[in-house]
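Residue numbers for the sequence shown follow my numbering, so the first one is 690 and each next one is one higher.
Heads up, the beta-carbon is just placed ideally off N, CA and C, and yes, glycines get one too.
Please read the structure below before turning to the comments.
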Amino acid sequence: MMLTDLPPEVIDHVCTFLDLKDIRTFHAAPFANHPVYSRCVTTLVYKSDVLKPQRLSFEEFVAQQREINRQKPVTASQPPQQDSGDFLREAFERYKHVHHQQSHILAEQLDFTILQEVVPRFSKLQCIVVSARDCSPEDGISIKPFDDLLVCPGDHLKPYGSRHVSSLLQPLSPLGQTRLSSYAEICRNLTSFEQHLDVGADSDGLLDNDGSQMIRYKAAVGKGSLRRLLGSTTELQVLRLGFTCADSQDLNPAAISDFLPEDMHWKNLQSFVFQGVESTRQDMVDFVRRHGSNVTSFHLHNFRLVRSSWLVFIPELRNLARENSLGNVWLSGTMYGEVEEGSLPPPGLPVGSTERFELGHILQHMELVTEPVEGSQ
């Protein structure tokens, strides 16, 4: 019997008895080295969890373990010795050993090299997914050592959020580079591009109350690396760009001009989604018109119009949908705009007011919503 014939549950159980270096090789090598399986792999999902870089003292380790055990449901099968002194001392020694191995792996970037070894062997690879999902077991039962102490790398390895991306980009680059600007040639034949970034909160989820992180991000995205990268994707069919913000009614982290190359036309683009971005009305209309012959649907979520009003833009959206036979146009979330000079404001707002208001407030006072854009929500 070959390893690939074993049920995933058996493989997962075997991995609980291996140290980190063994697991690195154990998970990927059987498929990467197999002469048949390696040619059949089309999707690779890369996921990693880590212990927090700052090693716990014995007292901190014991306190955390006892707090974790206290919160777990008591079952008849729960080993009673998990709270004993001998058990905790032995567990702490294992924890120190694993933490030392992890420090070595991170320092030597061995999490990068495993992908460098594996990716070239999958000749039919079409999709690579870097997963940063919650590392807690779905059933709440820990089967690996220190499951309860594991955290997602994106929140704890500095610079925040870059470890997953770098470990993926480096194996794809013949020179081992991790700068986005060096991937133009690799991305030339991409048919789908999706990026979602959480902006405006720190690693502990605290809101960016003073807006400083948002300002820094706007400055970074405005440099154009993403725009140059997308400019090389001539075969793009699906484009999804999303920015999840903290609670900011005054700033959006990016404008479409920050990531859309000027006058860019993707001849095969079928659908796009923009979330948490801002745009002038004219830039948005021009983009839809350029792709009107091939785009069948698009979705704007938490979208902000700059120096323009939804009172003007919604009729234009309807006309664009009719002219270009758009099947589905979605508007959702909180949509901000400005009342323009000469446009019809909602009752109570003077003509020319620059007060921002939600799209829902506008729609309550507009007759044009009796004939919504086909497919809109």
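* **DSSP bridge partner residues for C934 (one or two, in chain order)** => Sequence index remark: in the sequence shown, residue 934 carries index 245 (1-based). BP columns for C934 point to V888.
* To do: Classify T1023 as helix, strand or coil using the three-state DSSP reduction.
  => In the sequence shown, residue 1023 corresponds to position 334, counting from 1. Of the three classes helix, strand and coil, the one that applies to T1023 here is coil, per DSSP.
* Asked: Do the segment 775 to 789 and the segment 800 to 807 make contact, defined as three or more Cβ pairs closer than 8 angstroms?
  -> Contact between the segment 775 to 789 and the segment 800 to 807 is absent, because fewer than three Cβ pairs lie under 8 angstroms.
* Through-space distance from G920 to E1027, alpha-carbon basis -> Walking along the sequence shown from the start, residue 1027 turns up at place 338. Walking along the sequence shown from the start, residue 920 turns up at place 231. If you take the alpha carbons of E1027 and G920, they lie about 30 angstroms apart.
* C-beta contact flag for V808 and V734 at 8 angstroms -> In the sequence shown, counting from the first residue as 1, residue 808 sits at position 119. In the sequence shown, counting from the first residue as 1, residue 734 sits at position 45. No, Cβ-Cβ distance for V808 and V734 is not below 8 angstroms.
* Around the C-beta of Q964, are 16 or more other C-beta atoms found within 10 angstroms, so that it is buried, or is it exposed? -> For this step, residue 964 is matched to residue 275 along the sequence shown. The residue in question, Q964, is buried, as its Cβ has 16 or more Cβ neighbours within 10 Å.
* **Given N941 as reference, the closest of R728, Q926, T969 once Cα atoms are compared** => Numbered from its first residue, the sequence shown carries residue 941 at position 252. The shortest C-alpha separation from N941 is found at T969.
* To do: Starting from the C-beta of K813, find all residues in its chain whose C-beta is less than 8 angstroms away, skip the five residues before and the five after it, and write them out in chain order.
  => In the sequence shown, counting from the first residue as 1, residue 813 sits at position 124. Excluding the 5 residues flanking it on each side, K813 has same chain C-beta neighbours closer than 8 angstroms at R728, C729, V730, T731, in chain order.
* Just reading off the beta strand (DSSP E) that H990 is part of, what are its end residues? -> Within the sequence shown, numbered from 1, the residue matching residue 990 stands at position 301. Counting along the chain, the beta strand (DSSP E) containing H990 begins and ends at 986 to 990.
* To do: Locate the beta strand (DSSP E) running through T969, then write down its first and last residues.
  => Taking the first residue of the sequence shown as position 1, residue 969 is located at position 280. Segment 966 to 969, the beta strand (DSSP E) holding T969.
* To do: Sort V1001, S986, Y1025, L994 by Cα distance to R1011 and report the nearest one.
  => As a position in the sequence shown, residue 1011 is number 322, starting the count at 1. Comparing Cα-Cα distances from R1011 to each of V1001, S986, Y1025, L994, the minimum goes to S986.
* Straight-line CA distance for D952 to F976? -> Along the sequence shown, read from residue 1 onward, the residue named residue 952 stands at position 263. Along the sequence shown, read from residue 1 onward, the residue named residue 976 stands at position 287. Taking the straight line joining both Cα atoms gives about 8 angstroms.
* To do: Could you tell me how far apart the beta carbons of V910 and D947 are, in whole angstroms, since I believe they sit closer than 8 angstroms?
  => Here residue 910 refers to the residue found at position 221 of the sequence shown. Here residue 947 refers to the residue found at position 258 of the sequence shown. Going by Cβ atoms, the distance from V910 to D947 rounds to 5 angstroms, so yes, they are a contact pair.
* Asked: In terms of DSSP beta bridges, what is N1017 paired with?
  -> Here residue 1017 is taken as the residue at index 328 of the sequence shown, counted from 1. DSSP, once it has assigned bridges, lists S986 as partnering N1017.
* Asked: Hey, how far is the Cα of G1022 from the Cα of E748?
  -> The residue labelled residue 1022 in the question sits at position 333 within the sequence shown. The residue labelled residue 748 in the question sits at position 59 within the sequence shown. Computed Cα separation, rounded: 47 angstroms.
* T880 classed as buried or exposed, judged by whether at least 16 other C-beta atoms fall within 10 angstroms -> As a working mapping, residue 880 is identified with position 191 in the sequence shown. Burial call: exposed.
* Would you list the one or two residues that DSSP bridges to S792? => In the sequence shown, residue 792 corresponds to position 103, counting from 1. Beta-bridge pairing links S792 to no other residue.
* Asked: Any idea if R852 is buried or exposed, counting beta-carbon neighbours within 10 angstroms, 16 or more meaning buried?
  -> As a working note, residue 852 is residue 163 in the sequence shown. Its Cβ being crowded by 16 or more others within 10 Å, R852 is buried.
* Given R877, which residues of its chain have a CB within under 6 angstroms of its CB, disregarding the five upstream and five downstream residues? -> As a first step, residue 877 is located in the sequence shown; it is residue number 188 there, counting from the start. Same-chain partners within the cutoff: S921.
* Short Cβ contact (8 angstroms threshold) for R916 with P950 -> Your numbering for residue 916 matches position 227 in the sequence shown. Your numbering for residue 950 matches position 261 in the sequence shown. For R916 and P950, yes; Cβs fall inside 8 angstroms.
* Asked: Leaving out the 5 sequence neighbours to the left and right, which residues in its chain are closer than 6 angstroms to R929 when beta-carbon positions are compared?
  -> Your numbering for residue 929 matches position 240 in the sequence shown. So the qualifying residues of the chain are E883, V962.
* To do: Please determine, among L958, L1020, N957, Q859, the residue with the shortest C-alpha to C-alpha distance to L994.
  => Numbered from 1 along the sequence shown, position 305 holds the residue referred to as residue 994. Of L958, L1020, N957, Q859, the residue nearest in Cα terms is L1020.
* With a threshold of 16 other CB atoms inside 10 Å of the CB of H786, please say whether the residue is buried or exposed. => Taking the first residue of the sequence shown as 1, we reach residue 786 at position 97. Classification of H786: exposed, given that the 10 Å Cβ count is below 16.
* How about V1018 and L1006: do their beta carbons lie closer than 8 angstroms? -> Counted from its first residue, the sequence shown places residue 1018 at position 329. Counted from its first residue, the sequence shown places residue 1006 at position 317. Contact: yes.
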